[in-house]
Structures are given as structure tokens and as C-alpha cells.
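What follows is a set of notes on a single structure, which appears directly below.
Numbering (this note's numbering), first residue to last: 3 to 242.
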């Protein structure tokens, strides 16, 4: 999906099977089933027992790529579910089982059928944290720099009303407000009430409808061009 090799239909089938075969409530395993020893017919041999590391374990570094893939498919609920499940803070109450700090990413977690399932391995020694930040901010929140401008393409869970964030990029400060159609909490989603009125009526009923508004002006698509304004601060409102 990330390489754009698969069309959307095939990509959705593949990601459905990710959830069917690889999903656990603590992260995604590398493959299913894990290999047991050497199989001459399949030419498979792993240095690790089944459920450990690359042999069917939960590899947190690569867990971030399905998050990105789900977001690219517009499946915000699935993207966030995979993101939330791998968060270290969720393991606070089972720290004795996981045997690692509940505030830092580990490289891997051992998974069934291994007898030490759910034990974490190699904390602090992984690129997982940076990849998770990238997946969460640029694909779940959907705010990412592209060649022509700053893309605003959030893929958030259905139960999120919206969010507010500032993004510094190319000498500008983008004050971004994202809200769902029909929500009337203008004060939360836009610090500038006058700007909000350009997009919504005072009582929260939509004036212009869904879309992207840059400094109060509606634009086509989800891209804020780099040269859209010479102002230091740029106000962006997106109605989903």
C-alpha cells in the first residue's frame, strides 16, 4: 500500500487479512503462522523460536507501517486501533508481565506460541518512537509536507470530534483546526471567532459546507500551497 503497488481493492483485502491473522491487543505479529524449525519443502528456517522477534513476534518498528497503510486507505478507525494498541503506556498495569518500562518503546514483544509471550525485548534500542511519531502526526492527524504544499488529510477515528494543532513549516506557523460537520464547538476548533464565522454560522450551522478554508477562503482539495500567503501565521480550518 505504501509503495502504491496494489490497487485500492487489493490493498483493502490485504489489510483485512492483517487484522484477521496478525492483530493482537498488544500489537501486530510479523506473520502467521510462526515457523517451527526447518521445513525443507517450504525452505523456511528461523534463528528464533516461534513467537520471538522476526519469527511471528510483535515487531513494533514495523507495526507503524500498517498504521500508515490504513490511513492511506481512509480507514481511520483501524489506523488508530493499531496505533493505540502498541502504545507503551497501555502496558502500565502489566509491566511485570512485559518486563520493561511502560514509558518507552521496545524493539519487539514475544508473542504466542512462545512460552514467554508478552515479554518485551530491547527497550530504548529501536527506531519505533520516531516512526510512530511520523505515522501519528503525518497520517492519522494527516498533516504532512508534500512537494506542492502542506497536505491536510486527517484519518481520525469516528468518535473524534476534531482536533487543533500548530505546524511550523517553511517559515510559516500553520494554525490548523479540524472539526466534523455539524459540530458547534467553534470556540474549541478556532481561536479566531471571526475566522470561524467565515466557515460556520454563529450557532454552529454550516455556512459553506465541508472543505478546506485557508485564512477564511475555501480551497479545492486538501493542499495548502507553500505560496498561499506571505503572512507568518496561516489559519487553516478543515470541515470533515
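Backbone N, C-alpha and C define an ideal beta-carbon position, used for all residues, glycine too.
* **Contact the stretch 120-137 vs the stretch 79-99: 3+ CB pairs below 8 Å** => Yes: at least three Cβ pairs fall under 8 Å.
* For residue 78 versus residue 158, is the C-beta distance shorter than 7 Å? -> Taking C-beta atoms as the reference points, residue 78 and residue 158 count as a pair closer than 7 Å.
* Reducing DSSP to helix, strand and coil, say where residue 179 ends up. => Reduced to three states, the DSSP call for residue 179 is strand.
* **Range of the contiguous alpha helix (DSSP H) that encloses residue 99** => 97-100 is the span of the alpha helix (DSSP H), which, as asked, contains residue 99.
* Could you tell me whether the stretch 35-43 touches the stretch 96-104, using the rule of 3 or more Cβ pairs below 8 Å? => Too few Cβ pairs lie closer than 8 Å, so no.
* Identify, in the order they occur along the chain, each residue of the same chain with its Cβ nearer than 6 Å to the Cβ of residue 141, setting aside the five sequence neighbours on each side. => These residues qualify, in order along the chain: 70, 73.
* The alpha helix (DSSP H) with residue 42 in it runs from where to where? -> Neither: residue 42 is in no alpha helix (DSSP H) and is coded neither H nor E.
* What runs of the alpha helix (DSSP H), each 4 residues or longer, lie entirely inside the stretch 85-157? -> Listed in chain order, the complete alpha helix (DSSP H) runs (minimum 4 residues) inside the stretch 85-157 are 97-100, 130-137.
* Asked: Cα-Cα, which of 137, 4, 237 is closest to residue 179?
  -> Nearest C-alpha to residue 179: 237.
* Asked: Cβ atoms of residue 24 and residue 34: under 7 Å apart, would you say?
  -> In this structure, residue 24 lies closer than 7 Å to residue 34 by Cβ.
* Alpha carbon to alpha carbon, how far is residue 182 from residue 116? -> In this model, residue 182 and residue 116 are separated by some 44 Å (Cα to Cα).
* How far does the alpha helix (DSSP H) with residue 62 in it reach, from first residue to last? -> The continuous alpha helix (DSSP H) containing residue 62 extends over residues 62-74.
* With DSSP as the reference, label residue 15 as helix, strand or coil. => The answer is helix: DSSP assigns residue 15 an H, G or I state.
* **Rounded separation between residue 239 and residue 110 - CA only** => Roughly 39 Å between the two C-alpha positions.
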